[in-house]
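Residue numbers (mature numbering (1 follows the signal peptide of the UniProt record, and there is no 0)): -20 to -1, 1 to 80.
So the structure is just underneath, and the comments pick up after that.
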Amino acid sequence: MKATVTIPLLLGSLAASTHAIGIRFCTDANFHGTCGTYNLPRNTCWNVPRPANDKISSLDTLGANCIFYKDAYCKGPSFKANGKKPTIPANMNDKISSVK
């Protein structure tokens, strides 16, 4: 009985994990300053947490295609990124508040 319950739960958690992406943010250019890596749900707007909000100067999408927004809830000016970005476009440096 336990095996019957455990197997579907395990398969469900494995399937869910394939729908996440990792992104690394740093507060200074060239991956310096305070850095953190976050696991985000794929294709979902995610608001940057307070410690990094409006402080991102370099990032790595770890291979995912992402859109970074100036405002929360994926609103306002944006730019697309894939992979390592040691610098952020000047109009978005220290202004990123959400990502999808």
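Glycine included, C-beta positions come from ideal geometry on N, C-alpha and C.
Residues near K64 in its chain [Cβ-Cβ closer than 7 Å; skip 5 each side]: Residue numbering aside, residue 64 sits at position 84 when the sequence shown is read from its first letter. Cβ within range, chain order: D40.
Residue nearest to W26 in terms of C-alpha spacing, selected from N73, Y49 and A61: Residue 26 sits at position 46 when you count from the first residue of the sequence shown. If we check each option's Cα against that of W26, Y49 comes out closest.
Buried versus exposed call for K75 [16 or more other C-beta atoms within 10 Å across all chains shown]: Reading the sequence shown from its first residue, position 95 is the one you call residue 75. With 16 or more other Cβ atoms within 10 Å, it is buried.
Nearest-angstrom beta carbon gap, F5 and I36 [assumed within contact, 8 Å]: For the purposes of this step, residue 36 is identified with residue 56 of the sequence shown, where counting begins at 1. For the purposes of this step, residue 5 is identified with residue 25 of the sequence shown, where counting begins at 1. With a Cβ gap of about 5 Å, I36 and F5 count as contacting.
Exposed unless 16 or more other CB atoms sit within 10 angstroms - verdict on A61: The sequence position of residue 61 within the sequence shown is 81, counting from 1. Counting Cβ neighbours within 10 Å, A61 comes out buried, since at least 16 surround it.
Residue range of the unbroken beta strand (DSSP E) whose run includes R4: As a working note, residue 4 is residue 24 in the sequence shown. Counting along the chain, the beta strand (DSSP E) containing R4 begins and ends at A(-1) to D8.
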